[in-house]
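Those protein sequence lines, which keep their order, are chains Y and F. The opening residue of the first sequence carries number 1 in full-length UniProt numbering; numbering runs sequentially from there. The opening residue of the second sequence carries number 1 in full-length UniProt numbering; numbering runs sequentially from there. Even for Gly, the Cβ is constructed at its ideal location relative to N, Cα and C. Some notes on the structure that comes next.
There are 2 protein chains.
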Amino acid sequence: MKRKVTLKQIAKELDVSISTVSKSLRNSLEISEDTRQKVQAFAKLYNYKPNNIALSLKNKKTKTICIIIPEIIHHFFATVISGVEHVANENGYNVLVCLSDESFDKEVINMEMLANGSIDGFIMSLSKETQQKKDFHHIVEVINQGMPVVMFDRVTNEILCDKVIIDDNLAAFNATQHLIDKGFKKIALISTVDYVSVGKLRTEGYIKALKNNDIKIDENLILKIEDTENFEEAIAGLLANNDIDAIFAVNELFAVTAIKEANKLGKKVPEDISIIGFTDGIISKYSSPSITTVSQNGVKMGGKAAKMLIERLEAEEEDEEQYRTEVIETELVERESTK
Amino acid sequence: MKRKVTLKQIAKELDVSISTVSKSLRNSLEISEDTRQKVQAFAKLYNYKPNNIALSLKNKKTKTICIIIPEIIHHFFATVISGVEHVANENGYNVLVCLSDESFDKEVINMEMLANGSIDGFIMSLSKETQQKKDFHHIVEVINQGMPVVMFDRVTNEILCDKVIIDDNLAAFNATQHLIDKGFKKIALISTVDYVSVGKLRTEGYIKALKNNDIKIDENLILKIEDTENFEEAIAGLLANNDIDAIFAVNELFAVTAIKEANKLGKKVPEDISIIGFTDGIISKYSSPSITTVSQNGVKMGGKAAKMLIERLEAEEEDEEQYRTEVIETELVERESTK
Chain Y
1 MKRKVTLKQI AKELDVSIST VSKSLRNSLE ISEDTRQKVQ AFAKLYNYKP
51 NNIALSLKNK KTKTICIIIP EIIHHFFATV ISGVEHVANE NGYNVLVCLS
101 DESFDKEVIN MEMLANGSID GFIMSLSKET QQKKDFHHIV EVINQGMPVV
151 MFDRVTNEIL CDKVIIDDNL AAFNATQHLI DKGFKKIALI STVDYVSVGK
201 LRTEGYIKAL KNNDIKIDEN LILKIEDTEN FEEAIAGLLA NNDIDAIFAV
251 NELFAVTAIK EANKLGKKVP EDISIIGFTD GIISKYSSPS ITTVSQNGVK
301 MGGKAAKMLI ERLEAEEEDE EQYRTEVIET ELVERESTK
Chain F
1 MKRKVTLKQI AKELDVSIST VSKSLRNSLE ISEDTRQKVQ AFAKLYNYKP
51 NNIALSLKNK KTKTICIIIP EIIHHFFATV ISGVEHVANE NGYNVLVCLS
101 DESFDKEVIN MEMLANGSID GFIMSLSKET QQKKDFHHIV EVINQGMPVV
151 MFDRVTNEIL CDKVIIDDNL AAFNATQHLI DKGFKKIALI STVDYVSVGK
201 LRTEGYIKAL KNNDIKIDEN LILKIEDTEN FEEAIAGLLA NNDIDAIFAV
251 NELFAVTAIK EANKLGKKVP EDISIIGFTD GIISKYSSPS ITTVSQNGVK
301 MGGKAAKMLI ERLEAEEEDE EQYRTEVIET ELVERESTK
């Protein structure tokens with residue numbers, strides 16, 4: 001069977017990044033002329049044709065939309081997919097799911113592959129690596145080609161498009177305030193590193209709530225987890241080395257791990273430590289004790305994103321001036337992990 | 001924007017099933033001539049063209065494969081996707097994920113949509129509804145068109161293709177035997193209804209183990225859950241109305257629910273009841289107590305399925321006579337839910 005050379009193979013062969021290949025093929029002035037020529041010559045030699053079906057399919061609607069999610073370990077993204085599927089199917093659209101696996105390259109490859117006429121538009125949440133690199137050229141390209149993109153949850157101000165978010169700062173503020181109202185003073189935060197936009201916003205909300213209540217910020221009680229591989233150990237360390245009476249965790253995996261590690265140290269939840277998580281998923285619901293959590297309402301978020309995308313796809317005129325950002329309300333679901 | 005009529009719309013308009021539309025458009029003799037003519041006329045009128053990109057793309061490789069999964073609530077399918085992604089990416093292939101949502105119609109629509117040249121081959125696990133209907137014409141069609149399909153987990157003997165399965169019967173037999181070896185006599189089974197192929201096989205393994213050990217089969221201790229909506233109530237009923245010392249559950253959601261419902265009745269796991277689940281997912285790992293479980297090794301299953309598909313895609317000659325069924329070894333992961 002005849003092989004087709006991929007972006008990835010070109011990048012490997014020429015020892016440049018996928019982003020460089022993608023930009024060179026589009027003749028971006030960000031890339032040196034020398035590199036552009038090299039990439040273009042190689043692509044021509046091996047018959048690489050970006051978007052080579054696009055022409056024949058111009059104006060042809062596929063009635064298919066694609067949602068790109070960073071990962072599927074966290075139940076939140078599964079709930080968003082359900083919401084997207086529901087609204088899309090109601091409107092006669094099919095849904096494809098792509099995983100970027102938190103990788104910039106995979107996000108670029110997936111968008112390149114599908115922006116060629118296979119689908120009508122994208123719903124997406126940025127990968128960690130894309131947020132870290134702040135390289136959004138692949139998304140700008142797609143939008144410039146006239147294909148609508150709706151971003152949700154992990155978004156960026158650097159792209160003009162429709163967005164669906166929650167007020168992460170406010171949600172974290174409210175969760176922390178809830179713990180303060182219950183009388184807790186030594187409240188730890190288990191968050192992600194700051195380049196993950198939602199992690200940063202939730203950390204800010206936590207700090208704001210403490211400051212508002214004149215509680216001193218103790219850096220030892222703020223754990224920012226970089227590598228999900230070792231988060232169990234990091235959480236065990238936080239609990240072992242500090243006197244903590246409550247925890248706010250920015251996802252349910254961190255929250256349930258805090259319960260397990262507290263148990264190992266002979267501390268009971270909620271008797272000795274109260275815990276609030278983020279995301280109302282199956283772990284929060286079925287863990288023992290079940291976990292009090294900030295519900296992001298992923299189904300609603302996905303449904304809203306699908307609605308915005310379909311409205312844009314079916315609009316009579318393009319109305320690029322009026323990109324909207326919808327804010328989904330969160331709520332605190334009280335369960336057994338808080339006193 | 002110009003609308004394209006979909007299979008679903010044709011079905012709705014003519015008040016027939018999607019399967020009937022799909023078969024009529026292919027002129028299948030299973031469908032009456034009258035219906036075929038009606039469907040074909042309607043499709044022509046509204047410009048429906050099945051597989052209309054296929055011709056231009058014949059012999060063109062997309063280096064993209066699609067995995068169709070029934071649902072994403074159970075972590076098992078997420079692990080299979082990881083395995084598929086890993087092996088596919090290593091070999092320069094991209095992966096699209098489609099959800100059938102346990103619906104026959106969505107399975108048909110997704111396959112129709114993608115078998116038009118967008119992808120090179122399918123990896124799939126059957127939806128509940130497809131297993132119930134025993135209608136596999138859409139899969140046969142795709143295979144007959146020369147597009148390889150690899151089935152995993154929920155497979156059928158009625159389709160000749162490569163398959164990756166675990167020995168569900170043996171895995172369930174071993175799990176039940178493990179409980180018998182520990183001295184338990186009143187072992188309940190929480191399973192799915194029999195038309196779900198794996199549920200049926202696991203039920204058979206459970207019964208075989210009991211019979212082998214001369215333990216009388218008590219139908220009251222066998223719960224077959226039809227509707228996932230009410231499974232909590234059903235499991236609560238099983239526990240409240242019977243004297244049970246151990247449980248074998250065919251998935252982790254049933255296992256963790258059994259723990260919660262036992263707790264509500266004042267029974268402790270594993271002190272009063274031992275529980276073995278199926279699928280080594282995040283619920284089993286993080287629940288308190290953590291759950292002893294049959295690990296299906298979804299990552300390995302997905303990797304193997306991707307390998308088989310890619311080998312077939314890249315084979316020099318077609319070798320249809322030699323379809324293989326690979327059996328992945330399962331293992332019992334002992335944790336805190338068994339004494």
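Which of helix, strand or coil DSSP assigns to residue i
i                  : result
Val-108 of chain Y : helix
Ser-24 of chain Y  : helix
Asn-116 of chain F : coil
Thr-62 of chain Y  : coil
Phe-254 of chain Y : helix
Asn-94 of chain Y  : strand
Asp-162 of chain F : strand
Ala-262 of chain F : helix
Thr-35 of chain Y  : helix
Val-84 of chain Y  : helix
Ile-275 of chain F : strand
Glu-141 of chain F : helix
Lys-224 of chain Y : strand
Met-147 of chain Y : coil
Ala-172 of chain F : helix
Leu-189 of chain Y : strand
Environment of residue i [buried if 16+ CB atoms lie within 10 Å]
i                      : result
residue 352 of chain Y : Residue 352 of chain Y lies beyond the range of chain Y shown here (1 to 339); nothing can be said about it.
Ile-217 of chain F     : exposed
Gln-296 of chain Y     : buried
Gln-322 of chain Y     : exposed
Gln-131 of chain F     : buried
Thr-325 of chain F     : exposed
Ser-32 of chain F      : exposed
Leu-126 of chain F     : buried
Asp-135 of chain F     : buried
Asn-230 of chain F     : exposed
Val-164 of chain F     : buried
Glu-141 of chain F     : buried
Gly-146 of chain F     : exposed
Val-21 of chain Y      : buried
Leu-238 of chain Y     : buried
Lys-23 of chain F      : buried
Leu-265 of chain F     : exposed
Asp-243 of chain Y     : exposed
Asp-168 of chain F     : buried
Leu-201 of chain F     : buried
Glu-261 of chain F     : buried
Own chain residues within Cβ distance below 7 Å of residue i, not counting five before or after
i                  : result
Ala-43 of chain F  : Ile-10 and Leu-25
Cys-161 of chain Y : Ile-143, Val-149, Val-150, Met-151 and Tyr-323
Val-95 of chain F  : Ile-65, Ile-67, Val-84, Glu-85 and Ala-88
Ala-234 of chain F : Leu-223 and Ile-225
Gly-199 of chain Y : Ser-191, Thr-192, Val-193 and Val-250
Lys-300 of chain Y : Gly-83 and Ile-328
Distance between beta carbons of residue j and residue i, contact taken as under 8 Å
i                  : j                  : result
Phe-248 of chain F : Leu-332 of chain F : Rounded, the Cβ-Cβ distance is 11 Å, inconsistent with contact.
Thr-79 of chain F  : Gly-277 of chain F : The Cβ separation is near 15 Å, so there is no contact.
Ala-188 of chain F : Leu-210 of chain F : Not confirmed; about 11 Å, so no contact.
Ser-191 of chain Y : Tyr-286 of chain F : 19 Å between Cβ atoms; not a contact.
Ala-305 of chain Y : Ile-81 of chain Y  : With 8 Å as the limit, Ala-305 of chain Y and Ile-81 of chain Y do not qualify as a contact, their Cβ atoms being about 11 Å apart.
Ala-255 of chain F : Ile-215 of chain F : Not really, about 21 Å apart at Cβ, beyond 8 Å.
Cβ shell of residue i (< 8 Å), same chain only, five flanking positions each side left out
i                  : result
Gly-303 of chain Y : Gly-83, Val-84, His-86 and Val-87
Pro-289 of chain F : Ile-259, Val-269, Pro-270, Arg-335, Glu-336 and Ser-337
His-74 of chain F  : Asn-251, Glu-252, Leu-253, Thr-279 and Gly-281
Asp-15 of chain F  : none
Asn-52 of chain Y  : Summary for Asn-52 of chain Y: the model assigns pLDDT 39, below 50, so the residue's position carries little reliability; its value from the coordinates is reported in the next sentence. Result list for Asn-52 of chain Y: Asn-116, in chain order.
Tyr-93 of chain F  : Lys-63, Thr-64, Ile-65, Asp-120, Ala-306 and Ile-310
Leu-114 of chain Y : Cys-66, Leu-96, Cys-98 and Phe-122
His-138 of chain F : Ser-19, Ser-22, Glu-107, Val-108, Met-111 and Glu-112
Residues near residue i in its chain [Cβ-Cβ closer than 6 Å; skip 5 each side]
i                  : result
Glu-107 of chain Y : Ser-100, Ser-127 and Thr-130
Glu-232 of chain F : Thr-257
Thr-62 of chain F  : Ile-119 and Asp-120
Thr-176 of chain Y : Tyr-206, Ala-209 and Phe-248
Any non-hydrogen atom of the ligand MN within 6 Å of residue i CB
i                 : result
Ser-17 of chain Y : Because no ligand of any kind appears in the structure shown, any question about the ligand MN cannot be addressed here.
Query raised in the report: Is the region 151-168 of chain F in contact with the region 95-102 of chain Y, if contact means three or more CB pairs nearer than 8 Å?
Result: no
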